[in-house]
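S.K.:
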Amino acid sequence: MEEELPLFCGESGKPVQATLSSLKMVDVGKWPIFSLCSEEELQLIRQACVFGNAGNEVLYTTVNDEIFVLGTNSCGCLGLGDVQSTLEPRRLDSLSGKKIACLSYGSGPHIVLATTEGEVFAWGHNAYSQLGNGTTNHGLVPCHISTNLSNKQVIEVACGSYHSLVLTSDGEVFAWGYNNSGQVGSGSTANQPIPRRVTGCLQNKVVVNIACGQMCSMAVVDAGEVCVWGYNGNGQLGLGSSGNQPTPCRIAALQGIRVQRVACGYAHTLVLTDEGQVYAWGANSYGQLGTGNKSNQSYPTPVMVEKDRCEHFRSSLANNEDEIVEMSEFSYPVYRAFLEYLYTDSINLSPEEAIGLLDLATFYRENRLKKLCQQTIKQGICEENAIALLSAAVKYDAQDLEEFCFRFCINHLTVVTQTSGFAEMDHDLLKNFISKASRVGAFKN
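Our numbering puts the sequence shown at residues 292 to 736.
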(Lines of atoms letter the chains of each structure in order from A and count residues from 1; the text may use other names and numbers.)
(Lines give C-alpha, C1' and ligand atoms only; values in the text may rest on other atoms or scores of the structure.)
Protein backbone atom coordinates (compact mmCIF):
# COMPACT_ATOMS: atom_id res chain seq x y z
CA MET A 1 0.00 0.00 0.00
CA GLU A 2 1.30 3.46 -0.85
CA GLU A 3 1.88 5.79 2.08
CA GLU A 4 -0.85 8.36 2.57
CA LEU A 5 0.50 11.91 2.59
CA PRO A 6 -1.12 14.91 4.28
CA LEU A 7 -3.02 17.59 2.36
CA PHE A 8 -1.45 21.04 2.68
CA CYS A 9 -1.97 24.55 1.43
CA GLY A 10 -0.39 27.75 2.66
CA GLU A 11 2.16 30.49 2.17
CA SER A 12 5.56 30.98 3.76
CA GLY A 13 5.19 32.31 7.27
CA LYS A 14 1.46 31.59 7.31
CA PRO A 15 -0.37 28.97 9.35
CA VAL A 16 0.57 25.49 8.25
CA GLN A 17 0.32 22.12 9.92
CA ALA A 18 2.68 19.24 9.38
CA THR A 19 2.47 15.58 10.29
CA LEU A 20 6.15 14.76 10.64
CA SER A 21 5.48 11.03 10.67
CA SER A 22 4.32 11.32 7.05
CA LEU A 23 6.75 13.86 5.63
CA LYS A 24 9.82 12.58 3.81
CA MET A 25 12.49 15.20 3.20
CA VAL A 26 13.92 14.03 -0.10
CA ASP A 27 16.30 16.98 -0.45
CA VAL A 28 16.41 19.36 2.51
CA GLY A 29 19.19 21.21 0.71
CA LYS A 30 16.51 22.99 -1.31
CA TRP A 31 15.85 25.13 1.81
CA PRO A 32 18.60 27.79 2.20
CA ILE A 33 18.63 27.46 5.99
CA PHE A 34 20.08 23.96 5.71
CA SER A 35 23.24 25.44 4.21
CA LEU A 36 24.17 26.11 7.84
CA CYS A 37 24.33 22.35 8.48
CA SER A 38 27.31 20.14 7.77
CA GLU A 39 27.03 17.23 5.35
CA GLU A 40 27.17 14.83 8.30
CA GLU A 41 24.28 16.63 10.00
CA LEU A 42 22.21 16.61 6.82
CA GLN A 43 22.64 12.86 6.48
CA LEU A 44 21.07 12.33 9.92
CA ILE A 45 17.88 14.31 9.22
CA ARG A 46 14.77 12.15 9.01
CA GLN A 47 11.97 14.74 9.10
CA ALA A 48 11.94 18.52 9.16
CA CYS A 49 9.62 21.50 9.36
CA VAL A 50 10.81 24.89 8.08
CA PHE A 51 8.90 27.95 9.29
CA GLY A 52 9.23 31.71 9.85
CA ASN A 53 8.39 34.58 7.51
CA ALA A 54 11.42 33.86 5.35
CA GLY A 55 11.84 30.15 6.03
CA ASN A 56 14.61 31.09 8.47
CA GLU A 57 13.76 28.75 11.32
CA VAL A 58 13.62 24.97 11.39
CA LEU A 59 12.84 22.09 13.71
CA TYR A 60 13.97 18.64 12.64
CA THR A 61 14.28 15.11 13.97
CA THR A 62 17.16 12.73 13.34
CA VAL A 63 17.37 9.01 12.67
CA ASN A 64 18.26 8.72 16.37
CA ASP A 65 14.94 10.35 17.39
CA GLU A 66 16.66 13.49 18.64
CA ILE A 67 15.07 16.92 18.06
CA PHE A 68 17.18 19.83 16.81
CA VAL A 69 16.38 23.48 16.06
CA LEU A 70 18.16 26.16 14.04
CA GLY A 71 17.57 29.74 12.94
CA THR A 72 16.60 33.25 14.01
CA ASN A 73 14.56 32.27 17.10
CA SER A 74 11.83 34.93 16.86
CA CYS A 75 9.98 35.24 20.19
CA GLY A 76 11.87 32.20 21.45
CA CYS A 77 10.18 29.94 18.89
CA LEU A 78 13.15 27.55 18.89
CA GLY A 79 12.34 26.64 22.48
CA LEU A 80 15.92 26.98 23.73
CA GLY A 81 15.15 29.23 26.70
CA ASP A 82 16.35 32.46 25.09
CA VAL A 83 15.77 34.63 22.01
CA GLN A 84 19.28 34.32 20.59
CA SER A 85 19.64 33.17 17.00
CA THR A 86 21.69 30.05 16.40
CA LEU A 87 23.71 29.41 13.25
CA GLU A 88 24.33 25.80 14.15
CA PRO A 89 21.84 23.06 15.08
CA ARG A 90 21.09 22.82 18.79
CA ARG A 91 19.41 19.87 20.44
CA LEU A 92 16.05 20.63 22.07
CA ASP A 93 16.85 18.92 25.35
CA SER A 94 13.56 19.92 26.99
CA LEU A 95 11.82 17.42 24.70
CA SER A 96 14.42 14.70 25.15
CA GLY A 97 12.84 11.28 24.91
CA LYS A 98 9.70 12.61 23.22
CA LYS A 99 8.68 11.48 19.74
CA ILE A 100 6.82 13.98 17.57
CA ALA A 101 3.47 12.91 16.15
CA CYS A 102 2.60 16.26 14.54
CA LEU A 103 3.24 19.98 14.87
CA SER A 104 1.92 23.27 13.58
CA TYR A 105 3.06 26.89 13.67
CA GLY A 106 1.42 30.30 13.53
CA SER A 107 2.54 33.70 12.30
CA GLY A 108 4.05 34.96 15.58
CA PRO A 109 5.48 32.44 15.29
CA HIS A 110 4.22 30.06 17.92
CA ILE A 111 4.61 26.30 17.87
CA VAL A 112 2.16 23.64 19.02
CA LEU A 113 3.41 20.07 19.06
CA ALA A 114 1.84 16.72 19.94
CA THR A 115 3.88 13.68 20.92
CA THR A 116 3.15 10.07 20.07
CA GLU A 117 1.99 9.72 23.69
CA GLY A 118 -0.74 12.31 23.08
CA GLU A 119 0.84 15.13 25.10
CA VAL A 120 0.74 18.75 23.87
CA PHE A 121 3.58 21.25 24.13
CA ALA A 122 3.58 24.89 23.01
CA TRP A 123 6.08 27.74 22.90
CA GLY A 124 6.95 31.00 21.12
CA HIS A 125 4.81 34.11 20.58
CA ASN A 126 1.98 34.41 23.11
CA ALA A 127 0.55 37.95 22.99
CA TYR A 128 -2.94 36.52 22.43
CA SER A 129 -2.69 33.46 24.73
CA GLN A 130 -2.18 31.19 21.72
CA LEU A 131 0.05 28.94 23.84
CA GLY A 132 -2.90 27.99 26.03
CA ASN A 133 -1.06 28.34 29.34
CA GLY A 134 -3.32 31.08 30.72
CA THR A 135 -0.81 33.92 30.25
CA THR A 136 0.31 36.32 27.53
CA ASN A 137 4.01 35.86 28.23
CA HIS A 138 6.11 34.53 25.37
CA GLY A 139 7.17 30.93 25.91
CA LEU A 140 10.92 30.44 25.65
CA VAL A 141 10.80 26.70 26.30
CA PRO A 142 8.19 24.04 25.44
CA CYS A 143 5.36 24.18 27.97
CA HIS A 144 3.19 21.14 28.61
CA ILE A 145 -0.44 22.20 28.01
CA SER A 146 -2.64 20.17 30.33
CA THR A 147 -5.59 22.36 31.35
CA ASN A 148 -8.73 20.50 30.24
CA LEU A 149 -6.48 18.08 28.37
CA SER A 150 -4.95 16.09 31.24
CA ASN A 151 -7.00 12.98 30.53
CA LYS A 152 -7.01 13.39 26.77
CA GLN A 153 -4.76 11.98 24.08
CA VAL A 154 -4.13 14.57 21.37
CA ILE A 155 -3.65 13.16 17.88
CA GLU A 156 -3.60 16.32 15.73
CA VAL A 157 -2.77 20.01 16.15
CA ALA A 158 -3.40 23.10 14.01
CA CYS A 159 -2.39 26.76 14.33
CA GLY A 160 -3.94 29.88 12.89
CA SER A 161 -1.96 33.09 12.93
CA TYR A 162 -2.62 33.57 16.65
CA HIS A 163 -4.96 30.75 17.73
CA SER A 164 -4.59 27.02 18.20
CA LEU A 165 -6.67 23.84 17.84
CA VAL A 166 -6.10 20.27 18.96
CA LEU A 167 -8.00 17.08 18.15
CA THR A 168 -8.23 14.28 20.71
CA SER A 169 -8.42 10.53 20.13
CA ASP A 170 -12.10 10.52 21.10
CA GLY A 171 -12.95 13.04 18.39
CA GLU A 172 -13.18 16.22 20.46
CA VAL A 173 -11.76 19.61 19.42
CA PHE A 174 -10.25 22.12 21.85
CA ALA A 175 -9.33 25.71 20.92
CA TRP A 176 -7.64 28.73 22.48
CA GLY A 177 -5.95 32.03 21.67
CA TYR A 178 -6.93 35.06 19.59
CA ASN A 179 -10.67 35.23 18.95
CA ASN A 180 -11.44 38.58 17.31
CA SER A 181 -13.44 36.89 14.54
CA GLY A 182 -14.81 33.91 16.44
CA GLN A 183 -12.03 31.54 15.34
CA VAL A 184 -12.00 29.84 18.76
CA GLY A 185 -15.65 28.92 18.29
CA SER A 186 -16.82 30.00 21.73
CA GLY A 187 -19.71 32.14 20.48
CA SER A 188 -18.01 35.39 21.50
CA THR A 189 -15.00 37.42 20.35
CA ALA A 190 -13.16 37.34 23.68
CA ASN A 191 -9.71 35.78 23.61
CA GLN A 192 -9.49 32.28 25.11
CA PRO A 193 -6.44 31.84 27.42
CA ILE A 194 -6.73 28.07 28.01
CA PRO A 195 -8.02 25.10 26.00
CA ARG A 196 -11.80 25.09 25.68
CA ARG A 197 -13.84 22.38 24.01
CA VAL A 198 -15.52 23.49 20.78
CA THR A 199 -19.16 22.41 20.64
CA GLY A 200 -22.00 23.88 18.56
CA CYS A 201 -22.64 21.58 15.60
CA LEU A 202 -19.68 19.46 16.76
CA GLN A 203 -21.59 18.39 19.86
CA ASN A 204 -22.02 14.60 19.82
CA LYS A 205 -19.96 14.40 16.61
CA VAL A 206 -16.66 12.57 16.18
CA VAL A 207 -14.09 14.81 14.50
CA VAL A 208 -11.37 13.13 12.44
CA ASN A 209 -9.41 16.09 11.01
CA ILE A 210 -8.81 19.77 11.81
CA ALA A 211 -7.19 22.77 10.12
CA CYS A 212 -6.72 26.52 10.63
CA GLY A 213 -6.46 29.47 8.30
CA GLN A 214 -5.24 32.88 9.40
CA MET A 215 -8.32 33.55 11.54
CA CYS A 216 -10.65 30.64 10.78
CA SER A 217 -11.00 27.02 11.82
CA MET A 218 -12.23 23.82 10.15
CA ALA A 219 -13.18 20.33 11.31
CA VAL A 220 -14.13 17.18 9.40
CA VAL A 221 -16.41 14.72 11.21
CA ASP A 222 -16.48 10.97 10.69
CA ALA A 223 -19.64 11.20 8.59
CA GLY A 224 -17.73 13.33 6.05
CA GLU A 225 -19.30 16.69 6.94
CA VAL A 226 -17.19 19.86 7.26
CA CYS A 227 -17.85 22.34 10.07
CA VAL A 228 -16.32 25.83 9.95
CA TRP A 229 -16.07 28.94 12.11
CA GLY A 230 -14.21 32.24 12.41
CA TYR A 231 -13.27 34.93 9.89
CA ASN A 232 -15.00 34.77 6.52
CA GLY A 233 -14.13 38.02 4.74
CA ASN A 234 -12.87 36.16 1.66
CA GLY A 235 -15.50 33.44 1.69
CA GLN A 236 -13.01 30.95 3.15
CA LEU A 237 -15.71 29.28 5.26
CA GLY A 238 -17.54 28.14 2.13
CA LEU A 239 -20.95 29.26 3.38
CA GLY A 240 -21.85 31.41 0.38
CA SER A 241 -21.43 34.65 2.33
CA SER A 242 -18.67 36.82 3.80
CA GLY A 243 -19.98 37.14 7.35
CA ASN A 244 -17.94 35.84 10.28
CA GLN A 245 -19.13 32.73 12.11
CA PRO A 246 -18.52 32.67 15.93
CA THR A 247 -19.66 29.05 16.37
CA PRO A 248 -19.17 25.94 14.20
CA CYS A 249 -21.50 25.72 11.21
CA ARG A 250 -21.82 22.87 8.69
CA ILE A 251 -21.08 23.64 5.02
CA ALA A 252 -24.43 22.92 3.39
CA ALA A 253 -22.99 23.10 -0.13
CA LEU A 254 -21.08 19.86 0.54
CA GLN A 255 -24.26 17.94 1.38
CA GLY A 256 -23.97 14.40 0.00
CA ILE A 257 -20.19 14.71 -0.45
CA ARG A 258 -18.04 12.74 1.97
CA VAL A 259 -14.94 14.74 2.88
CA GLN A 260 -11.86 13.02 4.28
CA ARG A 261 -9.33 15.84 4.74
CA VAL A 262 -9.31 19.63 4.97
CA ALA A 263 -6.44 22.10 4.59
CA CYS A 264 -6.28 25.87 4.91
CA GLY A 265 -4.04 28.52 3.42
CA TYR A 266 -3.93 32.07 4.73
CA ALA A 267 -7.45 32.77 3.45
CA HIS A 268 -8.47 29.82 1.29
CA THR A 269 -9.53 26.24 1.89
CA LEU A 270 -9.16 22.86 0.20
CA VAL A 271 -10.92 19.57 0.95
CA LEU A 272 -10.30 16.06 -0.35
CA THR A 273 -13.27 13.70 -0.75
CA ASP A 274 -13.42 9.93 -0.42
CA GLU A 275 -13.61 9.75 -4.23
CA GLY A 276 -10.36 11.67 -4.67
CA GLN A 277 -12.00 14.94 -5.72
CA VAL A 278 -10.59 18.25 -4.48
CA TYR A 279 -12.82 21.26 -3.77
CA ALA A 280 -11.51 24.78 -3.15
CA TRP A 281 -12.93 28.11 -1.98
CA GLY A 282 -11.95 31.44 -0.44
CA ALA A 283 -9.36 34.02 -1.51
CA ASN A 284 -8.07 33.61 -5.05
CA SER A 285 -6.04 36.71 -5.88
CA TYR A 286 -3.07 34.55 -6.91
CA GLY A 287 -5.09 31.78 -8.56
CA GLN A 288 -4.60 29.54 -5.52
CA LEU A 289 -8.00 27.89 -6.00
CA GLY A 290 -7.04 26.47 -9.39
CA THR A 291 -10.32 27.55 -10.97
CA GLY A 292 -8.79 29.21 -14.02
CA ASN A 293 -9.45 32.75 -12.80
CA LYS A 294 -8.61 35.01 -9.85
CA SER A 295 -12.10 35.57 -8.46
CA ASN A 296 -12.80 34.66 -4.84
CA GLN A 297 -15.20 31.78 -4.29
CA SER A 298 -17.58 31.63 -1.33
CA TYR A 299 -18.88 28.15 -2.22
CA PRO A 300 -16.89 24.92 -2.63
CA THR A 301 -15.72 24.65 -6.24
CA PRO A 302 -14.29 21.43 -7.77
CA VAL A 303 -10.66 21.56 -8.90
CA MET A 304 -9.98 19.61 -12.08
CA VAL A 305 -7.02 18.76 -14.28
CA GLU A 306 -7.83 20.03 -17.76
CA LYS A 307 -8.67 17.17 -20.09
CA ASP A 308 -6.87 18.91 -22.93
CA ARG A 309 -3.65 19.01 -20.88
CA CYS A 310 -2.91 15.44 -21.93
CA GLU A 311 -3.74 13.92 -25.31
CA HIS A 312 -3.95 10.45 -23.78
CA PHE A 313 -6.49 11.57 -21.18
CA ARG A 314 -8.49 13.50 -23.76
CA SER A 315 -8.93 10.47 -25.99
CA SER A 316 -9.56 8.14 -23.05
CA LEU A 317 -12.24 10.40 -21.60
CA ALA A 318 -13.89 11.30 -24.90
CA ASN A 319 -16.55 8.59 -24.69
CA ASN A 320 -16.45 7.87 -20.96
CA GLU A 321 -19.50 9.27 -19.20
CA ASP A 322 -18.13 8.47 -15.72
CA GLU A 323 -14.91 10.37 -16.52
CA ILE A 324 -12.92 7.67 -14.75
CA VAL A 325 -9.88 6.09 -16.38
CA GLU A 326 -8.09 3.11 -14.87
CA MET A 327 -4.34 3.22 -15.51
CA SER A 328 -2.01 0.33 -14.75
CA GLU A 329 0.81 0.58 -17.29
CA PHE A 330 3.18 2.31 -14.86
CA SER A 331 3.96 2.39 -11.15
CA TYR A 332 2.28 4.65 -8.60
CA PRO A 333 5.36 6.94 -8.19
CA VAL A 334 5.51 7.46 -11.96
CA TYR A 335 1.81 8.35 -12.21
CA ARG A 336 2.14 10.64 -9.20
CA ALA A 337 5.05 12.47 -10.85
CA PHE A 338 3.02 12.71 -14.06
CA LEU A 339 0.03 14.26 -12.27
CA GLU A 340 2.35 16.72 -10.54
CA TYR A 341 3.67 17.69 -13.96
CA LEU A 342 0.12 18.18 -15.27
CA TYR A 343 -0.61 20.59 -12.43
CA THR A 344 2.73 22.40 -12.20
CA ASP A 345 4.36 22.01 -15.62
CA SER A 346 7.56 20.91 -13.88
CA ILE A 347 9.19 17.78 -12.47
CA ASN A 348 11.30 17.25 -9.38
CA LEU A 349 12.98 13.85 -9.69
CA SER A 350 16.37 12.19 -9.55
CA PRO A 351 17.86 11.05 -12.88
CA GLU A 352 17.00 7.44 -12.05
CA GLU A 353 13.39 8.34 -11.21
CA ALA A 354 13.15 10.41 -14.38
CA ILE A 355 13.78 7.26 -16.44
CA GLY A 356 10.39 5.87 -15.41
CA LEU A 357 8.70 9.15 -16.27
CA LEU A 358 10.56 9.22 -19.58
CA ASP A 359 9.03 5.82 -20.33
CA LEU A 360 5.55 7.22 -19.63
CA ALA A 361 6.22 10.36 -21.67
CA THR A 362 7.27 8.22 -24.63
CA PHE A 363 4.24 5.94 -24.28
CA TYR A 364 1.77 8.85 -24.00
CA ARG A 365 3.61 10.94 -26.63
CA GLU A 366 4.09 13.83 -24.21
CA ASN A 367 6.95 15.56 -26.00
CA ARG A 368 7.38 18.45 -23.56
CA LEU A 369 7.50 16.06 -20.62
CA LYS A 370 9.99 13.94 -22.52
CA LYS A 371 12.26 16.98 -22.93
CA LEU A 372 12.00 17.81 -19.22
CA CYS A 373 12.95 14.25 -18.30
CA GLN A 374 15.94 14.40 -20.62
CA GLN A 375 17.07 17.69 -19.06
CA THR A 376 16.82 16.17 -15.57
CA ILE A 377 18.82 13.13 -16.63
CA LYS A 378 21.52 15.28 -18.24
CA GLN A 379 21.90 17.38 -15.10
CA GLY A 380 22.32 14.31 -12.90
CA ILE A 381 24.54 12.08 -15.00
CA CYS A 382 27.70 10.70 -13.39
CA GLU A 383 30.16 7.86 -14.03
CA GLU A 384 28.13 5.38 -11.96
CA ASN A 385 24.78 5.90 -13.69
CA ALA A 386 25.97 6.87 -17.18
CA ILE A 387 25.46 3.43 -18.73
CA ALA A 388 21.99 3.03 -17.20
CA LEU A 389 20.99 6.44 -18.52
CA LEU A 390 22.45 5.66 -21.95
CA SER A 391 20.47 2.42 -22.02
CA ALA A 392 17.27 4.29 -21.15
CA ALA A 393 17.91 6.88 -23.86
CA VAL A 394 18.31 4.13 -26.47
CA LYS A 395 15.24 2.25 -25.24
CA TYR A 396 12.97 5.29 -25.39
CA ASP A 397 14.39 6.69 -28.63
CA ALA A 398 15.63 9.89 -26.99
CA GLN A 399 18.30 10.58 -29.59
CA ASP A 400 19.58 13.86 -28.16
CA LEU A 401 19.90 12.29 -24.71
CA GLU A 402 21.54 9.20 -26.20
CA GLU A 403 24.21 11.33 -27.85
CA PHE A 404 24.73 13.30 -24.63
CA CYS A 405 25.16 10.13 -22.54
CA PHE A 406 27.46 8.59 -25.13
CA ARG A 407 29.72 11.66 -25.18
CA PHE A 408 29.80 11.65 -21.38
CA CYS A 409 30.87 8.00 -21.38
CA ILE A 410 33.61 8.67 -23.91
CA ASN A 411 34.92 11.63 -21.91
CA HIS A 412 35.01 9.50 -18.74
CA LEU A 413 35.76 6.18 -20.43
CA THR A 414 38.31 4.81 -17.95
CA VAL A 415 36.03 5.21 -14.94
CA VAL A 416 32.80 4.29 -16.75
CA THR A 417 34.22 0.97 -18.02
CA GLN A 418 35.02 -0.04 -14.44
CA THR A 419 31.48 0.42 -13.14
CA SER A 420 28.97 -2.35 -12.46
CA GLY A 421 26.67 -0.78 -15.02
CA PHE A 422 29.22 -1.34 -17.76
CA ALA A 423 29.87 -4.91 -16.60
CA GLU A 424 26.14 -5.68 -16.77
CA MET A 425 25.59 -3.86 -20.05
CA ASP A 426 23.20 -5.44 -22.57
CA HIS A 427 25.15 -7.37 -25.22
CA ASP A 428 23.71 -5.54 -28.22
CA LEU A 429 24.11 -2.16 -26.53
CA LEU A 430 27.71 -3.01 -25.62
CA LYS A 431 28.44 -4.05 -29.19
CA ASN A 432 27.02 -0.82 -30.58
CA PHE A 433 28.80 1.23 -27.91
CA ILE A 434 32.21 -0.26 -28.72
CA SER A 435 31.63 0.17 -32.45
CA LYS A 436 30.59 3.81 -32.08
CA ALA A 437 33.42 4.52 -29.61
CA SER A 438 35.90 3.08 -32.09
CA ARG A 439 34.60 5.32 -34.85
CA VAL A 440 35.19 8.45 -32.75
CA GLY A 441 38.72 7.34 -31.92
CA ALA A 442 38.19 6.42 -28.28
CA PHE A 443 40.64 3.50 -28.46
CA LYS A 444 43.53 5.19 -30.26
CA ASN A 445 46.96 4.99 -28.63
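Think of the CB as a built atom: it goes at the ideal place given N, C-alpha and C, for glycine as much as any other residue.
With a cut-off of 8 Å on the beta carbons, I'd call Val-349 and Arg-337 a contact; round off their distance for me.
M.R.: Not quite, the Cβ-Cβ distance comes to about 13 Å (not below 8 Å), so this is no contact.
S.K.: By the DSSP assignment, the alpha helix (DSSP H) with Tyr-632 in it spans what residues?
M.R.: Start and end: 623-635.
S.K.: What are the boundary residues of the alpha helix (DSSP H) that Val-475 is part of?
M.R.: Segment: none, Val-475 is in no alpha helix (DSSP H) and carries neither H nor E.
S.K.: Which one of Ala-466, Glu-447, Asn-428 and His-429 has the shortest CA to CA distance from Thr-438?
M.R.: Minimum Cα distance to Thr-438 is reached at Ala-466.
S.K.: I'd like to confirm the pairing. Which residues does DSSP put opposite Pro-593 in its beta bridges?
M.R.: Answer is Tyr-570, bridged to Pro-593.
S.K.: Measuring alpha carbon to alpha carbon, tell me which of Thr-363, Thr-427, Tyr-453 and Thr-426 ends up nearest Asp-403.
M.R.: Per the sequence presented here, residue 403 reads as Val, with Asp not at that position. When each option's Cα is compared against that of Val-403, the closest is Tyr-453.
S.K.: I'd like to know whether the C-beta atoms of Thr-490 and Pro-537 end up nearer to each other than 8 Å.
M.R.: It is not a contact, given that the beta carbons lie outside the stated cut-off.
S.K.: Work out the CA separation of Cys-555 and Thr-564 for me, nearest whole Å.
M.R.: Thr-564 and Cys-555: Cα-Cα distance of roughly 15 Å.
S.K.: Below 8 Å CB to CB, which residues in the same chain sit around Lys-585 once its five sequence neighbours on both sides are set aside?
M.R.: Excluding residues within five positions, the ones whose Cβ falls inside 8 Å are Asn-575, Ser-576, Tyr-577 and Gly-578.
S.K.: Sort Val-497, Glu-516, Gln-483 and Gly-526 by Cα distance to Gly-504 and report the nearest one.
M.R.: Ranking the options by Cα distance to Gly-504, first place goes to Gly-526.
S.K.: Please go through the same chain and pick out, in chain order, the residues whose beta-carbon is closer than 6 Å to the beta-carbon of Thr-407, but skip the five residues on each side of it.
M.R.: Cβ within range, chain order: Lys-390 and Ala-392.
S.K.: Report the option in Leu-720, Val-731 and Leu-721 whose CA atom is closest to the CA atom of Asn-702.
M.R.: Cα-wise, what sits closest to Asn-702 is Val-731.
S.K.: In the structure shown, what three-state DSSP assignment does Thr-538 receive?
M.R.: Looking at Thr-538 - three-state DSSP - the assignment turns out to be strand.
S.K.: Output the residue ranges of the beta strand (DSSP E) runs that lie fully inside the segment 336-369 and measure 3 residues or longer, sorted by chain position.
M.R.: If we require 3 residues or more, the beta strand (DSSP E) runs fully inside the segment 336-369 come out as 336-342, 348-353 and 358-362.
S.K.: Note down the Cα distance separating Ala-418 from Val-475, rounded to an integer number of angstroms.
M.R.: Answer to the nearest angstrom: the Cα atoms are 16 Å apart.
S.K.: Taking the alpha-carbon positions, what's the Ala-628 to Gly-320 distance?
M.R.: C-alpha separation (whole angstroms): 20 Å.
S.K.: So what does DSSP say about Gly-425, is it helix, strand or coil?
M.R.: Three-state DSSP puts Gly-425 in coil, outside helix and strand.
S.K.: Suppose you measure from the CA of Ser-740 to the CA of Leu-720; what does that come to, to the nearest Å?
M.R.: Absent from the model: residue 740. The displayed extent of the chain is 292 to 736, so no value can be given.
S.K.: Assuming Gly-529 contacts Ala-544 (C-beta within less than 8 Å), just tell me the rounded distance between them.
M.R.: Indeed they touch by this definition, with Cβ atoms about 6 Å apart.
S.K.: Cβ of Ser-477 within 8 Å of Cβ of Gly-468?
M.R.: No; because the gap between Cβ atoms is not below 8 Å, this pair is not in contact.
S.K.: Would you kindly work out how many angstroms separate the C-alpha atoms of Gln-267 and Val-550, rounded to a whole number?
M.R.: Outside the displayed span of the chain (292 to 736) sits residue 267, for which this structure offers no information.
S.K.: Ala-413 and His-401: beta carbons closer than 8 Å?
M.R.: Contact: yes.
S.K.: Just tell me which of Glu-410, Leu-440 and Cys-450 has its CA closest to the CA of Pro-433.
M.R.: The candidate whose alpha carbon is nearest that of Pro-433 is Glu-410.
S.K.: Starting from Ser-455, trace the beta strand (DSSP E) in both directions and tell me its first and last residue.
M.R.: Per DSSP, Ser-455 belongs to the beta strand (DSSP E) from 454-459.
S.K.: Which residue comes first and which comes last in the beta strand (DSSP E) that contains Gly-732?
M.R.: Careful: Gly-732 lies outside any beta strand (DSSP E) and carries neither H nor E.
S.K.: I need the boundaries of the beta strand (DSSP E) containing Arg-487, first residue and last residue.
M.R.: Run containing Arg-487: 483-488, per the beta strand (DSSP E) assignment.
S.K.: What does DSSP give as the partner residue(s) for Met-509 in the beta ladder?
M.R.: Ala-502 and Val-519.
S.K.: Give every residue of the same chain whose Cβ lies closer than 7 Å to the Cβ of Glu-357, excluding the five residues on either side of it in the sequence, and list them in chain order.
M.R.: Counting only Cβ-Cβ distances below 7 Å, and skipping sequence neighbours, we find Arg-382.
S.K.: Output needed for Leu-378: all residues of its chain with C-beta closer than 7 Å, excluding positions within five of it in sequence on either side, in chain order.
M.R.: Here the set comprises Leu-327.
S.K.: Just reading off the alpha helix (DSSP H) that Phe-325 is part of, what are its end residues?
M.R.: Careful: Phe-325 lies outside any alpha helix (DSSP H) and carries neither H nor E.
S.K.: Measure how close the beta-carbons of Gly-473 and Val-497 come, nearest whole angstrom, since I'm counting them as under 8 Å.
M.R.: The Cβ separation is near 23 Å, so there is no contact.
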